[in-house]
Amino acid sequence: MHASAGEKHVSGAERIVTSDKIDMTVQDLVARARKKATAPDQIVVKVESLGNTSLRSLAALDVLSLPANDWNAGRTHASRVLQRRGIAKQAIEKAIHYLDKGPAPSGHSMRGAMIMDARSGERLEPDQERGVRVSRFDWSEDALKRIDHCLTVLGLKHVRTREALCLATKVAYGPGLLAELCWSDDPDYVAGYVASLDTGYMRFPALKRSGSPKGGRVFFIDRSKLDMASLIRYLETEAVMITDVGMCGSVLDREVL
Ligand code: AMP
């Protein structure tokens, strides 16, 4: 589902369901878009058969919830984690700059994500207004129950967290992908995360100022290993079901920062 108001991205969501659940799922997605603070003037729901496409089964990244409530401290910690993952400081600074000002050339948020060279910070996504939209990912019913329980224990009941974790898990397995940085463009939602196969999903309670309508996603890639066509094919079209959960903990359990 993708909802917009004029040029502005308002809401988006992805599901993979059996055919008997299509009607109910479409209704849920439309209801969800209509609940947004910005009323959409267009809601597009695309229903596609996966046909004989094989579903790749993945285990969710480990989840680590960090304590930095102040967005400045959050960014400092997030930057440190990304640098340890091999992302150059100048690339991280550029990523933060784009997320802060609205990454599309028009100054709006994008529908999709930026793809950024982890050394230089150069943007490589073919369409900078739209970005690359990750699609075809969801939780299996069993994994969904288990992750809801884990996240609730951590106090992370918001549906956004489990959806972001699902997306971040698919992204982390992308060919040539080193790490992701994300914070929402919803003015009331200031949390964000850094995710990668090494670090797991590290959630920060604040990565931006409250009230800011700017945000997005950056996928840092190792350019020497980049095959853009394969990466985009994987992100947009390969179907991934998260069928297992990783560990869930808070920073009190592990020394990470
Ligand atoms: P959200 O977490 O839904 O507030 O989304 C924040 C930003 O992440 C959006 O403005 C988009 O730029 C980006 N985004 C959201 N969903 C996707 C997706 N499926 N694939 C790529 N980027 C996305």
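Numbering (our numbering), first residue to last: 29 to 285.
Where a beta carbon is used, it is the ideal one built from N, C-alpha and C, also for glycine.
Check: With burial defined as no fewer than 16 other Cβ atoms inside 10 Å of the residue's Cβ, what is the status of Glu121: buried or exposed?
Finding: exposed
Notebook entry, point to check: Where Val75 and Ala33 are concerned, what is the direct C-alpha to C-alpha distance, given to the nearest angstrom?
Noted result: 21 Å
Notebook entry, point to check: Under the DSSP definition of a beta bridge, which residues are partnered with Gly159?
Noted result: Partner(s): none; Gly159 has no beta bridge.
Margin query: Measuring alpha carbon to alpha carbon, tell me which residue in Ala267, Glu35, Thr53, Lys236 is nearest Met138.
Written below: Glu35
Item checked: beta strand (DSSP E) runs wholly inside the segment 206-269, at least 3 long, in chain order -> If we require 3 residues or more, the beta strand (DSSP E) runs fully inside the segment 206-269 come out as 220-224, 228-232, 244-249.
Note to self: So for Arg60, helix, strand or coil by DSSP?
What the structure shows: helix
Note to self: Is any non-hydrogen atom of ligand 1 found closer than 7 Å to the C-beta of Leu110, if you look at the structure I gave you?
What the structure shows: no
Margin query: Taking a contact to mean a Cβ-Cβ separation below 8 Å, would you say Val54 touches Ile71 in this structure?
Written below: In this structure, Ile71 does not lie closer than 8 Å to Val54 by Cβ.
Check: For Glu151, which three-state DSSP category applies?
Finding: Going by the sequence as given, residue 151 is Arg instead of Glu. Three-state DSSP puts Arg151 in a strand.
Notebook entry, point to check: Buried or exposed: which applies to Leu263, given that a residue is buried once 16 or more other Cβ atoms fall within 10 Å of its Cβ?
Noted result: buried
Item checked: Beta-carbon proximity list for Glu150, same chain, < 8 Å, skipping 5 on both sides -> Counting only Cβ-Cβ distances below 8 Å, and skipping sequence neighbours, we find Met144.
Next item on the list: Quick one: using the 10 Å Cβ neighbour count with 16 as the cut-off for buried, is Ala29 buried or exposed?
Entry: The displayed chain sequence assigns Met, not Ala, to residue 29. Result: buried.
Next item on the list: Note the first and the last residue of the continuous alpha helix (DSSP H) segment covering Arg112.
Entry: It spans 99-112 - the alpha helix (DSSP H) in which Arg112 sits, taken as one unbroken run.
Next item on the list: Have a look at Arg62 and Ser252 and give me their C-alpha separation to the nearest angstrom.
Entry: Straight through space, the alpha carbons of Ser252 and Arg62 are spaced by roughly 43 Å.
Checklist line | Nearest residue (CA-CA) to Ser77, options Asp98, Leu172, Ile44 | finding: Among Asp98, Leu172, Ile44, the Cα nearest to that of Ser77 is on Ile44.
Notebook entry, point to check: Which residues does DSSP pair with His37 in a beta bridge?
Noted result: Answer is Ser32, bridged to His37.
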